[in-house]
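Per our numbering, the very first residue in the sequence shown carries number 78; after that it's consecutive.
Note sheet for the following structure.
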Amino acid sequence: MEAIGAFYIAQTNNSRLPTFTAAYNEETTTITVTTSETPLSVHFWYANAAQSRDFRMQTLGDKWVGRSVPVSLDGSYSATIGEPSSGWNAGYMQLRMKGPLSGIDHIFTTRVWITPDTYPQAP
């Protein structure tokens with residue numbers, strides 16, 4: 078609800094929303110995020126699905142793990158998903174940025190990337 082509240086307040090007050098870009102390097106399985114302003118925090122969330130390419134909570138269970146991501150010298154934030162020992166790995170970044178009111182922050186996420194980018198059978 079916090080993210081929706083921050084978005085609603087920003088829209089009704091014609092406030093500018095923070096922006097970010099995300100890039101994924103398939104060779105290194107690294108996600109890199111750059112932002113228009115310094116985030117309050119950045120977290121990398123990742124999981125392994127050894128049996129199927131399905132990362133939903135009802136299928137995988139509580140397997141998503143998060144960790145803080147420090148800022149790089151160039152001002153970007155990077156985290157590596159890594160190749161799985163079996164099955165598939167997935168990861169995404171979550172950014173918490175100053176919101177329109179104290180205690181109501183913007184929360185953004187990148188898309189989810191899965192490695193390897195293969196399917197167990199042809200679609």
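Yeah, the Cβ is synthetic: ideal placement off N, Cα and C, and Gly gets one too.
{"Item": "Could you name the residues of the same chain whose beta carbon sits closer than 7 Å to that of I181, not counting the 5 residues immediately before and after it, in chain order?", "Value": "E79, G82, A83 and I86"}
{"Item": "So, is A124 buried or exposed, given that buried needs 16 or more other C-beta atoms within 10 angstroms?", "Value": "buried"}
{"Item": "Could you name each continuous alpha helix (DSSP H) segment of 4 residues or more that falls completely within the segment 107-181, going from the start of the chain to the end?", "Value": "134-137"}
{"Item": "Would you mind working out which of T157, T106, V110 and P161 sits nearest A127, comparing C-alpha positions?", "Value": "P161"}
{"Item": "Taking only the alpha-carbon atoms, compute the straight-line gap between T107 and V146 and give it to the nearest angstrom.", "Value": "12 Å"}
{"Item": "Which residue or residues does DSSP assign as beta-bridge partners of I191?", "Value": "A167"}
{"Item": "With a threshold of 16 other CB atoms inside 10 Å of the CB of L150, please say whether the residue is buried or exposed.", "Value": "exposed"}
{"Item": "For the beta strand (DSSP E) that contains T105, what are its first and last residues?", "Value": "It is not in any beta strand (DSSP E) - T105 carries neither H nor E in the DSSP assignment."}
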